[in-house]
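K.L.:
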Amino acid sequence: MYRLRPPAVTGIAASLALLLGACSTSVRLDKAAAVKPDQDRKSAPDFTLKDADGRPVHLSDYRGKVVLLDFWATWCGPCAMEIPWFMDLERRNKDHGFAVLGVSMDDEGWDAVKPFVAKLGVNYRVLLGNDLTAQLYGGVDALPTTFLIDREGRIAAVHVGLADRRDFEDGVERLLQDPAPAGTGRATLAAVAGGPK
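Count along the sequence shown from 1, then add 194; that gives the number in the numbering used here.
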């Protein structure tokens, strides 16, 4: 079972818990989530979630792009640490077939998420998650949990808990260097690069 609320701690203990990454029952610094070999990758489950403007977003809309799919929450300290890294990855790679999708698991919904995203100036698409989506991705028992998805829509790496920034950068760089999916011509790639934001 995953937690959608921070642990029940108060005062100084609450501050320390957030600083130390107490967003789940077992948060750790994940250094072992290397990009999987091509033959070991499984399809990322498709989903339909709404963005801040109420528009439906399907993961399958991003087929042909490398996607960083981040499950997070506004109350999660390690999540807030990673968001600027993801903003930088989006800024540097969005024109090269890459996109970040943030899936907020906040119980309070857009009332909590919109002001948080606005304050940070998040430059990538944020969606509101739900229990069904979390279950599709194995239960998401810790936040942050981040998936790197290759151009063919397969899970290439999973980071549970706070990961090292360089792990994300290396994974994205490696996946962007992978060849385009079979049957994807230059015209299709050009369309994908200008596809969903």
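All residues carry an ideal CB built from backbone N, CA and C; glycine is no exception.
(1) Three-state secondary structure (DSSP) at Leu253?
(2) Within the continuous alpha helix (DSSP H) that includes Asp305, where are the two ends?
(3) Mark Lys259 as exposed unless 16 or more other C-beta atoms lie within 10 angstroms of its C-beta, in which case mark it buried.
(4) Judging by CA-CA distance, which residue of Ala312, Arg359, Lys244 and Leu342 is the nearest neighbour of Leu369?
(5) Can you give me the C-alpha to C-alpha distance between Pro278 and Leu262, rounded to a whole angstrom?
(6) Within 10 Å of its beta-carbon, does Gly291 have 16 or more other beta-carbons around it, so buried, or fewer, so exposed?
(7) Relative to the C-alpha of Phe265, which residue among Tyr331, Arg249 and Asp234 is closest?
(8) Any idea which residues DSSP pairs Ile349 with across the strands?
(9) Around the C-beta of Arg222, are 16 or more other C-beta atoms found within 10 angstroms, so that it is buried, or is it exposed?
(10) DSSP state of Ala293, grouped into three classes?
(11) Note the first and the last residue of the continuous beta strand (DSSP E) segment covering Asp364.
(12) DSSP beta-bridge partners for Val261?
(13) Name the DSSP beta bridge partners of Asp245, please?
(14) Buried or exposed: which applies to His252, given that a residue is buried once 16 or more other Cβ atoms fall within 10 Å of its Cβ?
(15) Going along the chain, which residues of its own chain have a beta-carbon closer than 7 Å to the beta-carbon of Gln371, five neighbours each way excluded?
(16) When you compare the CB positions of Val366 and Asn287, do they come within less than 8 Å of one another, or not?
(17) If you draw a straight line from the alpha carbon of Glu346 to that of Ser254, how long is it in whole angstroms?
(18) Which of the three DSSP states, helix, strand or coil, is assigned to Trp266?
(19) Does the contact criterion of 3 or more C-beta pairs under 8 Å hold for the region 317–326 versus the region 240–249?
(20) For Asp344, is the beta carbon positioned less than 7 Å from some heavy atom of the ligand NAD?
P.N.:
According to the structure data:
(1) Here residue 253 refers to the residue found at position 59 of the sequence shown. For Leu253, the secondary structure class from DSSP, reduced to helix, strand or coil, is helix.
(2) Position 111 of the sequence shown holds residue 305. For Asp305, the uninterrupted alpha helix (DSSP H) segment begins and ends at Trp304 to Leu314.
(3) Within the sequence shown, the letter at position 65 stands for residue 259. Counting the other Cβ atoms within 10 Å of the Cβ of Lys259 gives 16 or more, which makes it buried.
(4) As a working mapping, residue 369 is identified with position 175 in the sequence shown. Taking each of Ala312, Arg359, Lys244 and Leu342 in turn and checking the Cα distance to Leu369, the smallest one comes out for Leu342.
(5) The residue given as residue 278 occupies position 84 in the sequence shown. The residue given as residue 262 occupies position 68 in the sequence shown. Approximately 13 Å, taken between the alpha carbons.
(6) Mapped onto the sequence shown, residue 291 falls at position 97. It counts as buried.
(7) As a working mapping, residue 265 is identified with position 71 in the sequence shown. Measuring from the Cα of Phe265, the nearest candidate turns out to be Tyr331.
(8) The residue you call residue 349 lines up with position 155 of the sequence shown. Paired residues: Lys236 and Ile343.
(9) Indexing the sequence shown from 1 puts residue 222 at position 28. With a pLDDT of 40 at Arg222, under the threshold of 50, the modelled position of this residue cannot be trusted, and the question is left open.
(10) Along the sequence shown, one-based indexing puts residue 293 at 99. In this structure, DSSP gives Ala293 an extended state, which the three-state scheme calls strand.
(11) Within the sequence shown, residue 364 is the residue found at index 170, counting from 1. Judged by DSSP secondary structure, Asp364 falls outside any beta strand (DSSP E) and instead within the alpha helix (DSSP H) spanning Arg359 to Gln371.
(12) As a first step, residue 261 must be located in the sequence shown, where it is residue number 67. Its beta-bridge partners are Ala293 and Ile343.
(13) Here the question's residue 245 lines up with position 51 in the sequence shown. Its beta-bridge partners are Leu321.
(14) Residue 252 sits at position 58 when you count from the first residue of the sequence shown. His252 counts as exposed, since fewer than 16 other C-beta atoms from the protein chains shown sit within 10 angstroms of its C-beta.
(15) Position 177 of the sequence shown, counted from the first residue, corresponds to residue 371. Nothing meets the Cβ criterion.
(16) Here residue 366 refers to the residue found at position 172 when the sequence shown is read from its first residue. Here residue 287 refers to the residue found at position 93 when the sequence shown is read from its first residue. Yes; because the gap between Cβ atoms is below 8 Å, this pair is in contact.
(17) Position 152 of the sequence shown, counting from 1, holds the residue named residue 346. Position 60 of the sequence shown, counting from 1, holds the residue named residue 254. Cα to Cα, the separation comes out at about 10 Å.
(18) Residue 266 sits at position 72 when you count from the first residue of the sequence shown. In the three-state scheme derived from DSSP, where H, G and I count as helix and E and B as strand, Trp266 is classed as strand.
(19) With the cut-off at 8 Å, the region 317–326 and the region 240–249 touch.
(20) In the structure on display, the ligand NAD does not appear, and there are no ligands present to speak of.
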